[in-house]
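Asker:
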Amino acid sequence: MSAKEIVQDFYKSDVILEAQKVNEFLHPEVILEWHSTKGFLKLNHEQLIGISSELGKTYVRSKCRISHFIEEGNTVSVRYSQYVKTIENPREEMLLAHFMVIWEVKDNKLYRGYQMSQL
Numbered sequence: 018m019s020a021k022e023i024v025q026d027f028y029k030s031d032v033i034l035e036a037q038k039v040n041e042f043l044h045p046e047v048i049l050e051w052h053s054t055k056g057f058l059k060l061n062h063e064q065l066i067g068i069s070s071e072l073g074k075t076y077v078r079s080k081c082r083i084s085h086f087i088e089e090g091n092t093v094s095v096r097y098s099q100y101v102k103t104i105e106n107p108r109e110e111m112l113l114a115h116f117m118v119i120w121e122v123k124d125n126k127l128y129r130g131y132q133m134s135q136l
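Using the working numbering, the first residue of the sequence shown is number 18, and each one after it goes up by one.
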């Protein structure tokens, strides 16, 4: 499986809402450096699983609308907007944020990520 296919599968609908599925994509030594509207976060494997678990409690659906997808060797860049449906209002899709992320894939897992997001 190519790096692009691995990253593409990760951003399929609802994967991010299921911690067990997220775990299957993450390298044990994964690090995500994330510049968000709330500041800089450096997240490890356990913290990323925790975020996925919390998202799964809040949202019933998730969808990434990808506008750019670039692969170079084991590095993949993705620009996307993430939309969600809440438990309280599952019929209304709302924009969660816009993202730009660069993933390095190692051993067919997401290993190093560099992400920026904006509400």
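Quick reminder that beta carbons are idealized off the backbone N, C-alpha and C, glycines included. Note that this is a predicted model, so its numbers are computed, not measured.
1) Looking at Tyr100 and Lys80, is the spacing between their C-beta atoms short of 8 Å?
2) Where does Glu46 fall in DSSP's three states?
3) Can you tell which of Gln135, Met117, Gly56 and Thr92 has its C-alpha closest to the C-alpha of Ser84?
4) Helix, strand or coil: which one does DSSP assign to Gly73?
5) How far does the beta strand (DSSP E) with Lys102 in it reach, from first residue to last?
6) Cutting at 6 Å between CB atoms, please list the residues of its own chain near Ser94, excluding the five before and the five after it.
Answerer: Result, derived from the coordinates:
1) Judged by their CB atoms, Lys80 and Tyr100 are nearer to each other than the 8 Å cut-off.
2) Correct three-state label for Glu46: strand.
3) Check the Cα spacing between Ser84 and each of Gln135, Met117, Gly56 and Thr92: the tightest is with Met117.
4) Correct three-state label for Gly73: helix.
5) Thr92 to Thr103 is the span of the beta strand (DSSP E), which, as asked, contains Lys102.
6) Within the same chain, Ile87 and Ile119 come within 6 Å of Ser94 by CB-CB distance, once the 5 residues on both sides are set aside.
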